[in-house]
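Have a look at the structure below, then the notes.
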Amino acid sequence: MDALLQFIFSGMTVGAVYALVALGFTIIYNASDVVNFAQGEFVMLGGMITVFTYMAGVPLPLAAVLAIVATAAVGVALNKLAIEPARGAPVVSLIIITIGASILIRGAAQLIFDKQLHRFPAFSGDAPLRVMGATILPQSLWVIGGAILVFVGLWLFFTRTLTGKAVLATANNRVAAQLVGINTNWVMTLSFGLSAAIGAFAGVLVTPITLVSYDIGVGLALKGFAGAMLGGMGNPKGALVGGLLLGLLEAMTAGYLSSQYKDAVAFIVILAVLFVMPHGLFGSKSVERV
Amino acid sequence: MLTVEGLRSRYGRIEVLHGIDLQVNTGEIVTVVGANGAGKTTLLRCLSGTQPASDGRITFRGESITAVPAHRRLKRGLAQSPEGRQIFTNLSVEENLRLGAFLFKDERVDQDMAEAFAMFPILKEKRNLAAGGLSGGQQQMLAIARALMGRPSCLLLDEPSMGLAPLLVAQIFEVVTDLRGRGVTVLLVEQNAFGALKIADRGYVMETGRISMSGAAAELIADPRIREAYLGL
Ligand SMILES: Nc1ncnc2c1ncn2[C@@H]1O[C@H](COP(=O)(O)OP(=O)(O)O)[C@@H](O)[C@H]1O
Ligand SMILES: [Mg+2]
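Sequences listed follow chains A and B, in order.
Count along the first sequence starting at 1, add 8, and that's the number in this note's numbering.
Count along the second sequence starting at 1, add 28, and that's the number in this note's numbering.
Set out below in structure tokens:
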């Protein structure tokens with residue numbers, strides 16, 4: 009029982025990070041049908057920039073904010089320099105552009121920063137909290153809380169604000185969006201900036217636990233993508249649940265079987281779910297009628 | 029209100045509009061009729077800015093809008109209900125209407141929505157349903173209502189009667205006629221030449237990217253060439 013709870017805690021922590029990456033995927037996918045594989049690099053940048061500005065003597069909260077803003081700027085630049093000029097190209101080409109961008113960002117990070125593992129202090133110390141015989145790091149609570157906060161924020165944004173609906177409208181029908189006066193280029197820029205900021209936020213939260221180096225992005229992008237697919241691509245609720253489930257699956261497999269199998273088991277479960285529910289757990293088949 | 033001079037447009041290397049001249053005066057209903065493939069949709073897309081003009085000039089309310097991007101033309105008063113409706117299928121009927129008034133945040137938005145629901149009561153009934161689930165006729169009503177939410181002074185309508193049952197066609201044409209009373213100038217593109225000319229003040233006939241004839245709608249209906257080619261009379 010104690011062991012189970014322990015696995016749940018660690019699964020939730022990792023899963024919350026996957027959920028944040030998946031939420032980042034969701035926003036860009038919603039605005040453009042593009043799956044942005046540079047999403048993991050945003051997490052890396054959030055962690056790395058915070059580390060290096062903190063080491064340069066900037067207080068940690070300020071360093072974190074700077075990292076999030078700088079990463080959002082990278083996201084905007086990615087859209088302006090690589091995606092927008094290729095407008096009209098097939099979605100597959102745009103996805104390949106994001107893969108190229110992720111390789112470029114990783115290479116640049118390796119040059120600008122270094123190849124070492126880094127961390128900065130946890131926000132509320134490193135003393136584990138005891139809960140019903142299991143332990144959890146205070147930083148884990150920050151990570152889980154952060155994922156929930158971002159989810160609620162996005163949910164409100166998409167369902168309650170006109171700007172959020174403009175993003176959904178742009179995704180649904182770009183030409184019609186322009187006809188009602190929406191600047192669809194601006195919507196894309198907003199989506200990339202927001203998505204990058206969320207990725208960086210995840211990096212800030214998780215670095216004290218998992219540490220950060222220039223190359224953590226690839227794995228996170230794959231896991232976040234898997235989580236988003238599991239929950240249903242394009243659905244914020246799906247991203248949250250899918251990411252958390254994936255983390256839990258991994259933790260259970262690592263705990264009860266062997267950590268060697270955790271990736272394999274997770275992916276088998278995802279494939280099985282997608283086989284039965286091709287649109288993911290919360291994916292909605294878009295209703296269309298001609 | 030709207031003047032088009034020497035408008036040309038192309039898809040890739042193939043030119044489909046070879047110099048269109050056309051004028052719409054304030055308060056008029058003007059129709060452009062012509063066979064499938066004549067270039068009517070391309071013309072409207074150039075006017076709304078969703079298709080680039082390769083040459084020529086579009087003047088709206090005294091200002092050239094030829095280089096104004098599509099999303100800024102509605103602010104100037106030019107709205108389009110596009111071919112194929114192009115509603116936001118996975119958003120609700122009400123969200124579609126609210127987005128039609130994307131440029132506005134004042135109380136008049138609610139008022140306009142109430143008016144849209146009064147005009148098309150079925151939309152009110154289905155306000156919370158996904159727009160993609162509506163029937164073809166209901167989607168057409170939504171497309172027109174959404175365009176009106178943008179408070180246009182001029183509305184471009186592309187084949188609102190396409191694919192609709194005769195009773196619905198009559199209802200849609202009635203709505204278009206009523207727009208005049210609301211101070212909206214209309215440029216109506218139709219393959220249903222007879223229905224369109226009956227409600228219009230003036231008409232243009234389009235053939236393979238050119239205007240082949242124009243005049244008062246009543247004269248066009250009476251013209252034997254048109255009766256034979258377009259009205260099947
Ligand atoms: N997206 C497109 N790409 C290439 N050619 C097109 C496209 N849309 C229309 N065309 C061509 O342009 C011509 C005019 O089409 P269109 O403007 O749709 O005519 P209409 O609305 O009068 O039926 C046709 O020959 C059509 O095949
Ligand atoms: Mg057409």
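The beta-carbon is built from N, C-alpha and C at its ideal position, and this holds for glycine as well.
Does the CB of residue i have a neighbour CB from chain A at under 8 Å?
i: B/ARG174; result: yes
i: B/HIS46; result: no
i: B/THR70; result: no
i: B/PHE8; result: Any question about residue 8 of chain B goes unanswered here, given that chain B covers just 29 to 261.
i: B/PHE88; result: no
i: B/LEU75; result: no
i: B/GLU123; result: yes
i: B/ASN156; result: no
i: B/ASN118; result: yes
i: B/ALA98; result: yes
i: B/GLY128; result: yes
i: B/GLY67; result: no
i: B/ILE42; result: no
i: B/GLY178; result: yes
i: B/LEU192; result: no
i: B/LEU102; result: yes
i: B/THR78; result: yes
i: B/GLN219; result: no
Output needed for residue i: all residues of its chain with C-beta closer than 7 Å, excluding positions within five of it in sequence on either side, in chain order.
i: A/GLU49; result: SER110, ILE113, ARG114, GLY225
i: B/ASP49; result: VAL32, GLU33, GLY34, ILE239
i: A/MET140; result: LEU13
i: A/LEU257; result: VAL273, ALA274, VAL277
i: A/ALA72; result: THR58, VAL212
i: B/GLY223; result: SER189, VAL197, PHE201
i: A/GLN186; result: THR192
i: B/GLY160; result: THR117, ASN118
i: B/GLU111; result: THR69, ASP186, GLU187
i: A/ARG182; result: THR192
Taking Cβ positions, are residue i and residue j nearer each other than 8 Å?
i: B/ALA144; j: B/LEU176; result: yes
i: A/PHE200; j: A/VAL84; result: yes
i: A/MET52; j: A/TYR222; result: yes
i: B/ARG155; j: B/SER120; result: yes
i: A/ALA204; j: A/ASN38; result: no
i: A/VAL29; j: A/ALA210; result: yes
i: A/GLY240; j: A/GLY288; result: yes
i: B/PHE130; j: A/ALA174; result: yes
i: A/SER18; j: A/MET196; result: no
i: A/ALA280; j: A/LEU254; result: no
i: A/PHE283; j: A/LYS245; result: no
i: A/GLY189; j: B/HIS46; result: no
i: B/LEU207; j: B/SER76; result: no
i: A/VAL68; j: A/PHE121; result: For the sequence presented, residue 68 of chain A should be read as Leu rather than Val. In this structure, A/PHE121 does not lie closer than 8 Å to A/LEU68 by Cβ.
i: B/MET29; j: B/VAL52; result: yes
i: B/ARG255; j: B/ALA245; result: no
Less than 6 Å between C-beta atoms, sequence neighbours within five positions excluded: which residues of the same chain meet that for residue i?
i: A/THR261; result: TYR269, LYS270, VAL273
i: A/ILE152; result: MET20, ALA24
i: B/THR205; result: ILE227
i: B/MET141; result: LEU125
With a cut-off of 8 Å, does the C-beta of residue i fall near any C-beta of chain B?
i: A/ASN243; result: no
i: A/LYS173; result: yes
i: A/GLY263; result: no
i: A/LEU190; result: Here residue 190 of chain A is Ile; the residue named in the question, Leu, does not match the sequence. A/ILE190 counts as touching chain B.
i: A/ASN180; result: yes
i: A/ALA177; result: yes
i: A/VAL42; result: no
i: A/ALA116; result: no
i: A/ALA184; result: yes
i: A/LEU170; result: yes
i: A/LEU187; result: yes
Apart from the five residues on each side of it in sequence, which residues of its chain come closer than 8 Å, Cβ to Cβ, to residue i?
i: B/ILE150; result: GLN166, MET169
i: A/LEU145; result: THR21, ALA130, ASP134, PRO136, LEU137, ILE217
i: A/ILE76; result: GLY54, ALA205, ALA208, PHE209, VAL212
i: A/ILE36; result: VAL42, VAL43, ASN44, GLN47, SER199, PHE200, SER203
i: A/VAL264; result: The sequence as given places Tyr at residue 264 of chain A; Val does not occur at that position. Only PHE15 meet the Cβ criterion.
i: B/LEU102; result: LEU131, GLY178, PRO180
Strictly under 8 Å for the Cβ-Cβ distance: is residue i near chain C by that measure?
i: B/THR213; result: Among the protein chains of the structure shown, namely A and B, there is no chain C.
If contacts are defined as beta-carbon pairs under 8 Å, then residue i and residue j qualify, I think. What distance do you get, rounded to the angstrom?
i: B/ALA66; j: B/GLU235; result: 6 Å
> What are the complete alpha helix (DSSP H) segments, minimum 4 residues, inside the segment 96 to 120 of chain A?
Replying inline: 99 to 120
> Which residue spans inside the segment 143 to 187 of chain B form an unbroken beta strand (DSSP E) run of at least 3?
Replying inline: 182 to 186
>> Ignoring anything shorter than 4 residues, give me the alpha helix (DSSP H) runs that lie fully in the segment 198 to 252 of chain B, in order along the chain.
In response: 221 to 227, 245 to 250
> Can you list the alpha helix (DSSP H) stretches of 4 or more residues lying completely in the segment 77 to 150 of chain B, in chain order?
Replying inline: 98 to 101, 121 to 128, 136 to 147
> Fully enclosed by the segment 38 to 81 of chain B, which beta strand (DSSP E) runs are 3 residues long or longer?
Replying inline: 42 to 52, 57 to 62
>> Report the start-end ranges of each alpha helix (DSSP H) in the segment 146 to 200 of chain A that is 4 residues or longer and not cut off at the edges.
In response: 146 to 168, 170 to 180, 182 to 187
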